[in-house]
Amino acid sequence: MLNTKLESILLKEFGKDILKDFPMAQYTSFKCGGKAKYLIFPRNIEEVIKIFEIIENFNEDFLILGKGTNVLISDDGFNGIVISTLKMKNFILKGEEIECECGLKISELLKICIENSLSGIEFLSGIPGTIGGAIRNNAGLKEKWISERINYVESLNIKTLKIIKRRREEIFFDYRKSDFKKDEFILKTELFLQKEKKDKIKEMIKKYLKERVEKQPLGYSAGSIFKNPYPFYAGELIEKCGLKGYSIGDCFISSKHANFIINKGRGRAKDVYELIKLIKEKVKEKFNIELETEIELIGDFK
Ligand SMILES: Cc1cc2nc3c(=O)[nH]c(=O)nc-3n(C[C@H](O)[C@H](O)[C@H](O)COP(=O)(O)OP(=O)(O)OC[C@H]3O[C@@H](n4cnc5c(N)ncnc54)[C@H](O)[C@@H]3O)c2cc1C
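Heads up: the sequence shown begins at 200 in the numbering used here, then just goes up one per residue.
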């Protein structure tokens, strides 16, 4: 049931930057998931604060979404306000440092780096998300993470609506983990880079992309489904359970890399969820290891 007062306020404040009852499949890399009550695209910090004031007044549930490449949204959708960061993508070059807003895509940032002969984050090539999502998950490769390049992060505490600026040393980062919780909106970050020849940067990016193409499958996915349970690799454990190629509905476990689930196009979030459950059961049974999802499950999956 839509709240008409809430709706009229949202429309008044955000006009064209709001979508109502919108299929989230269009905003996630898995290309599945139901509708969000509202999807809003703030353009700046002031608008983000405004949204959280409204959320507080109307006691609405909310979800912060970057490029939607590390989430699985339920087929029942999200009964609240989804705040997309995709229109917050300003950046400022400061010599060998760059300050960028959360919604800037990694691919866009890498392009800026090439244009300005700045090196240091080539290892992020091929990661399809935004800077905000990358910081929240400490995205990267096995032993190279975005956190290594951070000078500071500015975030909004959603409860107090205060902006906090923390230097890298004050933030906890680990493998696919940071201490940014659900009540913090990452606004911007400053990364430190170093000067390098454009050709060398391009060459490194090419190398990382080549490695990715060799190892990872194409298709609608959210990248690795599970974190690697040190010292093992989730993909290897899944493969040893004989699950490569196994399918449910229109989704299947990749034969190229067993830690990837691919939606052929018409798959539902439920199909992905059932595959996740099956993998967890089989790996637990065979190896007594509890796999932990790297992707975030949003909404109802019962
Ligand atoms: C083909 C493919 C390959 C991938 N390869 C890799 C890889 O090699 N390494 C890797 O680490 N990841 C990888 N990923 C996963 C994913 O791309 C990254 O985790 C990415 O950084 C997520 O960014 P996003 O903008 O899509 O985040 P989303 O999926 O939109 O969000 C992820 C989480 O971050 C939160 N979030 C997003 N923005 C903000 C913000 N501004 N403030 C607070 N919270 C926020 C969301 O609420 C959610 O909890 C891959 C994904 C795909 C599809």
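Built from N, CA and C at the ideal position, the CB exists for glycine as well.
Owing to the predicted nature of the structure, the values given are computational and were not obtained by experimental measurement.
Under 7 Å between C-beta atoms of residue i and residue j
| i | j | result |
| --- | --- | --- |
| Ile-320 | Ala-333 | no |
| Ile-460 | Leu-474 | yes |
| Leu-303 | Arg-348 | no |
| Gly-267 | Tyr-226 | yes |
| Gln-393 | Ser-318 | yes |
| Val-247 | Phe-384 | yes |
| Phe-221 | Leu-271 | no |
| Cys-440 | Lys-476 | no |
| Ser-273 | Gly-464 | no |
| Gly-339 | Asp-275 | no |
Supposed close pair residue i, residue j - CB separation, criterion 8 Å
| i | j | result |
| --- | --- | --- |
| Gly-466 | Cys-450 | 4 Å |
| Asp-470 | Gly-448 | 3 Å |
| Arg-411 | Glu-493 | Not really, about 16 Å apart at Cβ, beyond 8 Å. |
| Tyr-238 | Leu-218 | First, the amino acid is wrong: residue 238 is Leu here, not Tyr. With 8 Å as the limit, Leu-238 and Leu-218 qualify as a contact, their Cβ atoms being about 4 Å apart. |
| Glu-489 | Lys-481 | Incorrect: roughly 12 Å between the Cβ atoms, too far for contact. |
| Phe-322 | Ser-283 | Incorrect: roughly 26 Å between the Cβ atoms, too far for contact. |
| Asn-269 | Gly-328 | 6 Å |
| Asn-356 | Arg-366 | Their Cβ separation, rounded to whole angstroms, is 17 Å, which puts Asn-356 and Arg-366 out of contact at 8 Å. |
| Ile-253 | Leu-386 | With 8 Å as the limit, Ile-253 and Leu-386 do not qualify as a contact, their Cβ atoms being about 18 Å apart. |
| Arg-242 | Lys-215 | About 11 Å separates the two Cβ atoms, so there is no contact after all. |
| Ala-421 | Cys-231 | About 10 Å separates the two Cβ atoms, so there is no contact after all. |
| Tyr-472 | Phe-500 | 5 Å |
Residue from the options with nearest C-alpha to residue i
| i | options | result |
| --- | --- | --- |
| Asn-336 | Leu-360, Asn-427, Ile-363 and Asp-378 | Asp-378 |
| Phe-277 | Lys-483, Met-223, Ile-452 and Phe-257 | Met-223 |
| Leu-264 | Cys-301, Lys-215 and Ile-478 | Cys-301 |
| Asp-373 | Lys-381, Glu-342 and Lys-364 | Glu-342 |
| Ile-208 | Phe-486, Lys-501, Tyr-419 and Lys-249 | Lys-249 |
| Gly-418 | Ile-437, Tyr-407 and Ser-453 | Ser-453 |
| Phe-251 | Lys-215, Lys-361 and Cys-299 | Lys-361 |
| Lys-236 | Glu-314, Glu-368, Leu-262 and Lys-409 | Leu-262 |
| Ser-316 | Ala-338, Lys-215 and Lys-399 | Lys-399 |
| Ile-478 | Ile-330, Lys-501, Thr-388 and Glu-438 | Glu-438 |
| Cys-312 | Glu-212, Glu-395, Phe-500 and Lys-234 | Glu-395 |
| Glu-255 | His-456, Asp-382, Glu-295 and Phe-500 | Asp-382 |
| Asn-427 | Asn-458, Glu-296, Arg-242 and Glu-413 | Asn-458 |
| Glu-368 | Val-352, Lys-358 and Thr-359 | Val-352 |
| Glu-491 | Tyr-429, His-456, Lys-501 and Glu-298 | Tyr-429 |
| Glu-298 | Ile-330, Gly-422 and Glu-314 | Ile-330 |
| His-456 | Ser-423, Glu-314 and Asn-462 | Ser-423 |
| Thr-388 | Phe-371, Lys-409, Asn-202 and Ser-354 | Ser-354 |
Residue i: first and last residue of the uninterrupted alpha helix (DSSP H) it sits in
| i | result |
| --- | --- |
| Arg-335 | 330-336 |
| Ile-244 | 244-257 |
| Ile-345 | From DSSP, Ile-345 is part of no alpha helix (DSSP H); its letter is neither H nor E. |
Residue range of the unbroken beta strand (DSSP E) whose run includes residue i
| i | result |
| --- | --- |
| Cys-450 | 450-452 |
| Gly-279 | 277-283 |
| Lys-364 | 361-366 |
| Ala-235 | 234-239 |
| Thr-203 | Thr-203 -> not in any beta strand (DSSP E); alpha helix (DSSP H) instead, spanning 203-213. |
Discussion item. Does the stretch 278-294 come into contact with the stretch 303-312, if we say contact requires no fewer than three beta-carbon pairs (one atom in each stretch) closer than 8 Å?
Written reply: Taking a contact to require three or more Cβ pairs closer than 8 Å, the stretch 278-294 and the stretch 303-312 qualify as touching.
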